[in-house]
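Engineer: Just so you know, we're using the working numbering here: the sequence shown kicks off at 13 and counts up by one.
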Amino acid sequence: MAETAAVGIKVRGKVIVITGGARGIGLATATALHNLGARVAIGDIDEVRVKESGAALGLDVYGKLDVTDPHSFADFLDEVERRLGPIDVLVNNAGIMPLGRIVDEPDAVTRRILDINVYGVILGSKLAAQRMVARGCGHVINVASLAGETYLAGAATYCASKHAVIGFTDAARIEHRRTGVKFSVVMPTFVNTELIAGTSGATGIKNAEPADIADAIVDLVARPKPRVRVTRLAGAIIASQKFLPRALAEGINRVLGGEHVFTDDVDVATRRAYEARARGDE
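Here is the structure:
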């Protein structure tokens, strides 16, 4: 209880922007931070859903945000600062995960994954940092994935995008070490959101819930550090693979389902609605 109160004191009153905030991890994070007294703004490409979510939470600022459009992103951040004040924290959460073998992946889908998952994170980080460096304080939290530290058949481009986010965030953190601006990366395991609809998750490891990731982000806001893996068990298994001989590491990956969970074991019908939205077919 005392620890929760301490976190609340550090979070209360902070102006926090969350991308991809209409559902899933983004909405869970917005809810947790709002309940602790933060001044939260959410943006999302799904204008109808973000307005529903923002109104339901009672937020003052919410609306359409295309993280791949510099004007959309800059305008949204400007609106937040006009109405709520200088941005203390940006959570770059927006991301997509269309599945399929690379030989079957249309170039438009490849580009879309990289535009949203990589360029959107870099763009948001730059726009936020430009504001924060001028004030000598601020915090950018980028949501990557444990897929950025391992490899999953059927999600090669997604894995590449999350590897990129981890590398970018680490480099940006070093660049800004003396500016007062902090950079953190969050690496979730499989999370029970639409992103993994129709898939079974890692063998023998329980999926996380959006609230688990939200709790990790809340803790980062209160106590910044470079990296957080969620869950601890999944994070420890993935992190340990880099210290093992490749054959053994790949054997562990195979046992966990890395070669089939996103290829042979996908319930296509259950996943159809998400894939259509993620691929921009709606």
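The C-beta atom is built at its ideal place from N, Cα and C for all residues, glycine as well.
Short of 7 Å in beta carbon distance, which residues of its chain neighbour arginine 94, apart from the five on each side in sequence? Order them along the chain.
Structural biologist: Counting from one through the sequence shown, the residue named residue 94 turns up at place 82. Correct list: empty, nothing qualifies.
Engineer: Considering just the uninterrupted stretch of the alpha helix (DSSP H) at arginine 95, what are its terminal residues?
Structural biologist: In the sequence shown, residue 95 corresponds to position 83, counting from 1. Element bounds for arginine 95: 82-95.
Engineer: Assuming contact is defined by CB atoms lying nearer than 8 Å, are arginine 61 and isoleucine 28 in contact in what I supplied?
Structural biologist: Along the sequence shown, read from residue 1 onward, the residue named residue 61 stands at position 49. Along the sequence shown, read from residue 1 onward, the residue named residue 28 stands at position 16. Against a cut-off of 8 Å, the Cβ pair of isoleucine 28 and arginine 61 comes out as no contact.
Engineer: Please report the Cβ distance between valine 240 and valine 198, rounded to the nearest whole angstrom; I am assuming they are in contact, meaning their Cβ atoms lie under 8 Å.
Structural biologist: Residue mapping note: residue 240 aligns to position 228 of the sequence shown, counting from 1. Residue mapping note: residue 198 aligns to position 186 of the sequence shown, counting from 1. That pair is a contact at about 5 Å.
Engineer: If we count the other Cβ atoms within 10 Å of its Cβ and call it buried at 16 or more, is valine 267 buried or exposed?
Structural biologist: Within the sequence shown, residue 267 is the residue found at index 255, counting from 1. Counting Cβ neighbours within 10 Å, valine 267 comes out exposed, since fewer than 16 surround it.
Engineer: Is the stretch 141-159 touching the stretch 180-196, taking contact as three or more C-beta pairs under 8 Å?
Structural biologist: The answer is yes - the stretch 180-196 touches the stretch 141-159, with three or more Cβ pairs under 8 Å.
Engineer: What's the C-alpha gap between tyrosine 170 and threonine 201?
Structural biologist: Counting from 1 along the sequence shown, the entry for residue 170 is found at position 158. Counting from 1 along the sequence shown, the entry for residue 201 is found at position 189. Taking the straight line from one Cα to the other gives about 14 Å.
Engineer: Are arginine 124 and isoleucine 114 closer than 8 Å when you measure CB to CB?
Structural biologist: Sequence index remark: in the sequence shown, residue 124 carries index 112 (1-based). Sequence index remark: in the sequence shown, residue 114 carries index 102 (1-based). Cβ atoms of arginine 124 and isoleucine 114: not closer than 8 Å.
Engineer: Touching or not, the stretch 24-44 and the stretch 97-106, by the rule of three or more beta carbon pairs under 8 Å?
Structural biologist: Yes, since at least three Cβ pairs between the stretch 24-44 and the stretch 97-106 fall closer than 8 Å, the two stretches touch.
Engineer: What does a CB cutoff of less than 8 Å around glycine 75 pick up in its chain, not counting 5 residues either side in sequence?
Structural biologist: Residue 75 sits at position 63 when you count from the first residue of the sequence shown. Closer than 8 Å at the Cβ level, and outside the excluded window around glycine 75, lie Gly55, Glu59, Val62, Lys63, Gly66, Phe88, Glu91.
Engineer: Terminal residues of the continuous alpha helix (DSSP H) containing lysine 194?
Structural biologist: Here residue 194 is taken as the residue at index 182 of the sequence shown, counted from 1. Note, lysine 194: premise wrong, no alpha helix (DSSP H); beta strand (DSSP E) at 193-200.
Engineer: Is it buried or exposed, glutamate 187, if we count other Cβ atoms within 10 angstroms and call 16 or more buried?
Structural biologist: In the sequence shown, the residue the question calls residue 187 occupies position 175. That one is exposed.
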